[in-house]
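For the record, the sequence lines run as chains A and B.
Those letters in the first sequence? Residues 1 to 196, by the working numbering.
Those letters in the second sequence? Residues 1001 to 1196, by the working numbering.
Just so you know, even glycine gets a beta-carbon here, dropped at the ideal spot from N, CA and C.
Remember, predicted model here, so these are calculated numbers, not experimental data.
There are 2 protein chains.
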Amino acid sequence: MNKQKAQPLIDYINKYVLLTPEEENILLSFIRFRRYLKGQYIVQQGDVCKHECFVLSGCTKTFYLDEEGQEHIIMFSIEDWWASDMGSFITQTPADFNIQCLEHTELVMFSYDTIEDLYAKIPKLERFFRQIIEKAFVASQKRIVRNFSLTAKDQYLYFKEQYPEIEQRIPQYMVASYLGITKEFLSKIKSQLALE
Amino acid sequence: MNKQKAQPLIDYINKYVLLTPEEENILLSFIRFRRYLKGQYIVQQGDVCKHECFVLSGCTKTFYLDEEGQEHIIMFSIEDWWASDMGSFITQTPADFNIQCLEHTELVMFSYDTIEDLYAKIPKLERFFRQIIEKAFVASQKRIVRNFSLTAKDQYLYFKEQYPEIEQRIPQYMVASYLGITKEFLSKIKSQLALE
DNA sequence: AATTATAATTAAACTAGTTTAATATAATTT
DNA sequence: AAATTATATTAAACTAGTTTAATTATAATT
Chain A
1 MNKQKAQPLI DYINKYVLLT PEEENILLSF IRFRRYLKGQ YIVQQGDVCK
51 HECFVLSGCT KTFYLDEEGQ EHIIMFSIED WWASDMGSFI TQTPADFNIQ
101 CLEHTELVMF SYDTIEDLYA KIPKLERFFR QIIEKAFVAS QKRIVRNFSL
151 TAKDQYLYFK EQYPEIEQRI PQYMVASYLG ITKEFLSKIK SQLALE
Chain B
1001 MNKQKAQPLI DYINKYVLLT PEEENILLSF IRFRRYLKGQ YIVQQGDVCK
1051 HECFVLSGCT KTFYLDEEGQ EHIIMFSIED WWASDMGSFI TQTPADFNIQ
1101 CLEHTELVMF SYDTIEDLYA KIPKLERFFR QIIEKAFVAS QKRIVRNFSL
1151 TAKDQYLYFK EQYPEIEQRI PQYMVASYLG ITKEFLSKIK SQLALE
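Written as structure tokens, this is what we have:
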């Protein structure tokens, strides 16, 4: 893959481990660039997730459809975040989640078929992925805590504060889905906040 | 540390990566055995978590006290599970969680001060920890999904099915806390289930 | 500019789960 | 065995958030 396009990924990795120029080149030979249009799916529930994707530009939502066909958004990914169904990726079993682009989106893809080979050639990346997954796990646990201990209003305020960029880019009903509340109730919360 | 006592940990690690006898010995020199009594704390909210603990026997609860002093249990750990506040451990900042023993508990401890050294001596362990944290992250995400899409009754049934051993070993009000509901409501759910 | 589709607001009726408080049942301690 | 402490049950009043449905605003399309 083209080095210039991959620069945000290389910068991101170098925050965790230092790659030599040689290693950067090996990395480039292992990754693929891909562009998706707004609305397109990167992964569909039921498919096996073959890639871990690093978002260069654009925005995706990762969501789950329950038995009643209700959509539950579990995360948004923008620039410098990851998009994949990790459960499906690591076990190569059907995905629980859909990942769909909310904007035109440019990605770097790591393929399941070559990632072991990549770890063998650049063992440092094993360390890198360990570290980012540790962080993701911690964030996920903290979200469970918030779900338990905050009211819907406080969860919304936390979201606004933590991800102001994301709130600007997506419709409000998706924020509600991410928070696990109805769009009507989020609307009510916002109108109450406006009066304070 | 004594090899015989560490055997469950070695067996557990060998499910992910194969350690040579030499590596097993290095590992043993890096880990510590410790016994806690029922009621003792392994980590307290506000302290920095210095160890990642592998449970050899016994049972712990990891919980969070909110502003009103309410306890929210986020996980239980029994034999062959881990107990630590990973957020605190990886950043060496004050812990959000308490970890307390619900039974007399025997642990193997990995210390923050030597874990980098251990990774350097046995790079395979970086891979091992990456893999187990991937699994923990996936489990955490799935729990968020369940919180969103299942009723309290269905979450309880899921818990019963997934962790029948744990349900036998802990009081019911702790199950309720883990599920994020009140003990009174869990009691109601159980009496409804008894009628079905 | 008019039309259609998408997103957001409002409000009333409803329900899953909470709160409070009293009672019952185990389990421990003396 | 009696007394104390911890755990579990039950029920009534309550509330945070849902459902349904109608209305308005915004954006996209012709």
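Any chain B beta carbon closer than 9 Å to residue i
{"i": "residue 137 of chain A", "result": "yes"}
{"i": "residue 86 of chain A", "result": "yes"}
{"i": "residue 164 of chain A", "result": "no"}
{"i": "residue 66 of chain A", "result": "yes"}
{"i": "residue 142 of chain A", "result": "yes"}
{"i": "residue 42 of chain A", "result": "no"}
{"i": "residue 123 of chain A", "result": "yes"}
{"i": "residue 119 of chain A", "result": "yes"}
{"i": "residue 180 of chain A", "result": "yes"}
{"i": "residue 45 of chain A", "result": "no"}
{"i": "residue 31 of chain A", "result": "no"}
{"i": "residue 149 of chain A", "result": "yes"}
Nearest-angstrom Cα separation, counted from residue j out to residue i
{"i": "residue 190 of chain A", "j": "residue 1090 of chain B", "result": "36 Å"}
{"i": "residue 1196 of chain B", "j": "residue 1157 of chain B", "result": "13 Å"}
{"i": "residue 1198 of chain B", "j": "residue 1111 of chain B", "result": "With chain B represented from 1001 up to 1196, any question about residue 1198 of chain B goes unanswered, as that position is not in the structure."}
{"i": "residue 1074 of chain B", "j": "residue 1085 of chain B", "result": "11 Å"}
{"i": "residue 46 of chain A", "j": "residue 67 of chain A", "result": "14 Å"}
{"i": "residue 1051 of chain B", "j": "residue 1097 of chain B", "result": "13 Å"}
{"i": "residue 187 of chain A", "j": "residue 1069 of chain B", "result": "30 Å"}
{"i": "residue 5 of chain A", "j": "residue 1176 of chain B", "result": "50 Å"}
{"i": "residue 1027 of chain B", "j": "residue 1015 of chain B", "result": "16 Å"}
{"i": "residue 1024 of chain B", "j": "residue 1030 of chain B", "result": "10 Å"}
{"i": "residue 1168 of chain B", "j": "residue 1065 of chain B", "result": "24 Å"}
{"i": "residue 2 of chain A", "j": "residue 22 of chain A", "result": "15 Å"}
{"i": "residue 137 of chain A", "j": "residue 1037 of chain B", "result": "29 Å"}
{"i": "residue 170 of chain A", "j": "residue 1113 of chain B", "result": "43 Å"}
{"i": "residue 200 of chain A", "j": "residue 42 of chain A", "result": "What is shown of chain A runs 1 to 196, which leaves residue 200 of chain A out entirely."}
{"i": "residue 1120 of chain B", "j": "residue 1149 of chain B", "result": "43 Å"}
{"i": "residue 142 of chain A", "j": "residue 1072 of chain B", "result": "12 Å"}
{"i": "residue 126 of chain A", "j": "residue 17 of chain A", "result": "10 Å"}
{"i": "residue 1033 of chain B", "j": "residue 44 of chain A", "result": "46 Å"}
{"i": "residue 1147 of chain B", "j": "residue 1162 of chain B", "result": "15 Å"}
Bridge partners - residue i, DSSP secondary structure assignment
{"i": "residue 114 of chain A", "result": "DSSP lists no partner for residue 114 of chain A."}
{"i": "residue 35 of chain A", "result": "A/106"}
{"i": "residue 1135 of chain B", "result": "Partner(s): none; residue 1135 of chain B has no beta bridge."}
{"i": "residue 52 of chain A", "result": "A/110"}
{"i": "residue 75 of chain A", "result": "A/62"}
{"i": "residue 1043 of chain B", "result": "B/1099"}
{"i": "residue 57 of chain A", "result": "A/106"}
{"i": "residue 81 of chain A", "result": "According to DSSP, which records beta bridges pairwise, residue 81 of chain A is partnered with nothing at all."}
{"i": "residue 94 of chain A", "result": "A/48"}
Whole-angstrom C-beta distance between residue j and residue i, which should lie under 8 Å
{"i": "residue 7 of chain A", "j": "residue 48 of chain A", "result": "30 Å between Cβ atoms; not a contact."}
{"i": "residue 83 of chain A", "j": "residue 60 of chain A", "result": "5 Å"}
{"i": "residue 62 of chain A", "j": "residue 115 of chain A", "result": "Not quite, the Cβ-Cβ distance comes to about 20 Å (not below 8 Å), so this is no contact."}
{"i": "residue 140 of chain A", "j": "residue 1144 of chain B", "result": "7 Å"}
{"i": "residue 58 of chain A", "j": "residue 105 of chain A", "result": "3 Å"}
{"i": "residue 1183 of chain B", "j": "residue 1173 of chain B", "result": "4 Å"}
{"i": "residue 133 of chain A", "j": "residue 1133 of chain B", "result": "5 Å"}
Below-9 Å beta-carbon distance, residue i vs any chain A residue
{"i": "residue 1111 of chain B", "result": "no"}
{"i": "residue 1098 of chain B", "result": "no"}
{"i": "residue 1170 of chain B", "result": "no"}
{"i": "residue 1072 of chain B", "result": "yes"}
{"i": "residue 1034 of chain B", "result": "no"}
{"i": "residue 1134 of chain B", "result": "yes"}
{"i": "residue 1048 of chain B", "result": "no"}
{"i": "residue 1108 of chain B", "result": "no"}
Residue from the options with nearest C-alpha to residue i
{"i": "residue 1179 of chain B", "options": "B/1052, B/1060, B/1155", "result": "B/1155"}
{"i": "residue 35 of chain A", "options": "A/159, A/192, A/108, A/127", "result": "A/108"}
{"i": "residue 80 of chain A", "options": "A/184, A/174, A/10", "result": "A/10"}
{"i": "residue 1151 of chain B", "options": "B/1165, B/1185, B/1138", "result": "B/1185"}
{"i": "residue 1193 of chain B", "options": "B/1153, B/1165, B/1164", "result": "B/1153"}
{"i": "residue 56 of chain A", "options": "A/119, A/43, A/132, A/101", "result": "A/101"}
{"i": "residue 13 of chain A", "options": "A/131, A/120, A/142, A/113", "result": "A/131"}
{"i": "residue 1054 of chain B", "options": "B/1120, B/1149, B/1134, B/1129", "result": "B/1129"}
{"i": "residue 1019 of chain B", "options": "B/1142, B/1124, B/1149, B/1033", "result": "B/1124"}
{"i": "residue 164 of chain A", "options": "A/44, A/76, A/71, A/72", "result": "A/76"}
{"i": "residue 135 of chain A", "options": "B/1088, B/1044, B/1166", "result": "B/1088"}
{"i": "residue 166 of chain A", "options": "A/32, A/33, A/78", "result": "A/78"}
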